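Asks: First the structure, then my questions, so here it is.
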Amino acid sequence: MMAKMGFTGGGLGKQAEDGGGGQGRTEPIKVSVKENRGGVGLDSDKKRHLQDEAEARAAKAPKMDPLEYRERASKENEEARLESQLHGAQRVIEGLEGAPASTFGRVLKSIPVVYRGLVRAREDEERKVRLRHKLEQSLGYLPIVGDDETDDDDKMAMGLKETSYVAEVDDEDLDEDEELDAFKALGAAQRLGKAVEYLRREHHYCLWCKMAYPEERMEGCPGPAEADHD
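Heads up, the sequence shown is in UniProt numbering, so the first residue is 1 and it goes up one at a time.
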């Protein structure tokens with residue numbers, strides 16, 4: 001019926017007389033509905049402006065050589081590895097000489113500087129918990145004793161949980177410690193070296209062998225450096 005009415009298939013629009021130029025449009029024109037009050041062409045201007053800004057920021061960004069980037073990433077990874085080893089060494093030292101019976105009430109600054117930062121960080125955190133607990137009490141809120149939702153920090157602040165280490169700390173002790181500040185200013189490798197040397201001198205313990213030796217000469221240990229144990 002459509003053919004009898006003169007309908008022919010194909011694209012819309014007039015065909016070229018020589019048969020060239022394609023078949024014309026075969027899909028309907030898509031309608032883009034504006035959802036804001038911007039005038040015609042405003043969105044295009046915004047997109048162009050944002051693109052120009054992005055290109056300008058990219059042009060101003062410092063160009064980094066791939067080799068330089070790899071070297072920097074390698075240094076950062078090595079620094080993080082050394083920091084992790086230092087933390088482990090500090091935990092070992094604390095475990096060897098930080099028994100609650102011998103350290104209860106011990107002044108923070110009397111703790112050897114090689115692991116004093118570990119204790120101080122914990123004391124800082126516990127002090128924040130105690131202050132938070134006091135604030136909650138002043139506001140009339142108190143976690144229910146024995147409640148499963150009461151975390152370990154709250155239990156410790158309420159005296160329901162004992163800490164593994166107790167040091168005598170006052171505000172001045174936490175705020176000023178030039179010796180600890182000087183130790184922290186050293187590189188991770190230097191701080192780790194001091195911790196390793198302290199373990200060997202005071203406890204005849206090798207961090208790399210992961211064992212304590214009965215005598216000062218530590219017979220059987222390859223040496224004080226990590227590379228000695230490869």
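Even for Gly, the Cβ is constructed at its ideal location relative to N, Cα and C.
Every value quoted in this text rests on a predicted model; they were computed, and no experiment measured them.
(1) Looking at the structure shown, is ALA89 part of a helix, part of a strand, or coil, going by DSSP?
(2) Using the Cβ count rule (16 or more neighbours within 10 Å means buried), how would you classify GLY117?
(3) If we ignore side chains and look at the alpha-carbon of each, how far apart do VAL123 and ARG201 end up?
(4) Can the beta-carbon of GLU179 be found closer than 7 angstroms to that of VAL113?
(5) Would you tell me roughly how many angstroms separate the C-alpha atoms of ASN77 and GLU126, rounded to the nearest one?
(6) Among the candidates ALA227, ALA212, ALA185, whose CA atom is the shortest distance from the CA of GLY95?
(7) Quick check on DSSP: helix, strand or coil for TYR205?
(8) Give the secondary structure of THR103 by DSSP, where H, G and I count as helix, E and B as strand, and everything else as coil.
(9) To the nearest angstrom, report how far apart GLU66 and GLU226 are at their CA atoms.
(10) Evaluate LEU186 with the Cβ neighbour count: other Cβ atoms within 10 Å of its Cβ, from every protein chain shown; 16 or more gives buried, anything less gives exposed.
(11) Between which two residues does the alpha helix (DSSP H) harbouring SER138 extend?
(12) Near GLN90, which residues of its chain fall below 8 angstroms by C-beta distance, leaving aside the five closest residues on each side in sequence?
(13) Does DSSP put residue 233 in a helix, in a strand, or in coil?
(14) Is it buried or exposed for VAL31, if we count other Cβ within 10 angstroms and need 16 for buried?
Replies: Let's see:
(1) As a working mapping, residue 89 is identified with position 89 in the sequence shown. In the structure shown, ALA89 falls within a helical segment according to DSSP collapsed to helix, strand and coil.
(2) Along the sequence shown, one-based indexing puts residue 117 at 117. Counting Cβ neighbours within 10 Å, GLY117 comes out buried, since at least 16 surround it.
(3) Translated into the one-based positions of the sequence shown, residue 123 becomes position 123. Translated into the one-based positions of the sequence shown, residue 201 becomes position 201. For the sequence presented, residue 123 should be read as Glu rather than Val. Each residue's Cα considered, the two are about 27 angstroms apart.
(4) Translated into positions along the sequence shown, residue 179 becomes position 179. Translated into positions along the sequence shown, residue 113 becomes position 113. Contact: yes.
(5) In the sequence shown, the residue the question calls residue 77 occupies position 77. In the sequence shown, the residue the question calls residue 126 occupies position 126. Spanning the two alpha carbons is a distance of roughly 30 angstroms.
(6) To locate residue 95, count along the sequence shown from 1; it is residue 95. The candidate whose alpha carbon is nearest that of GLY95 is ALA212.
(7) Taking the sequence shown and counting its residues from 1, the one referred to as residue 205 is at position 205. Note: TYR205 maps to strand in three-state DSSP.
(8) On the sequence shown, residue 103 is found 103 positions in, with the first residue counted as 1. With a pLDDT of 46 at THR103, under the threshold of 50, the modelled position of that residue is not reliable, and no figure is offered here.
(9) Mapped onto the sequence shown, residue 66 falls at position 66. Mapped onto the sequence shown, residue 226 falls at position 226. In the sequence as presented, Glu is not what sits at residue 66; that position holds Pro. Going by the C-alpha atoms only, they are around 30 angstroms apart.
(10) By 1-based counting over the sequence shown, the position of residue 186 is 186. It counts as exposed.
(11) The residue you call residue 138 lines up with position 138 of the sequence shown. That run of the alpha helix (DSSP H) goes 113-138.
(12) For the purposes of this step, residue 90 is identified with residue 90 of the sequence shown, where counting begins at 1. Once the five neighbours on either side are set aside, the close Cβ partners of GLN90 are VAL114, TYR115, GLY117, LEU118, ALA195.
(13) As shown, the chain starts at 1 and ends at 230. That puts residue 233 outside it, with no answer to give.
(14) Position 31 of the sequence shown, counted from the start, is the residue given in the question as residue 31. That one is exposed.
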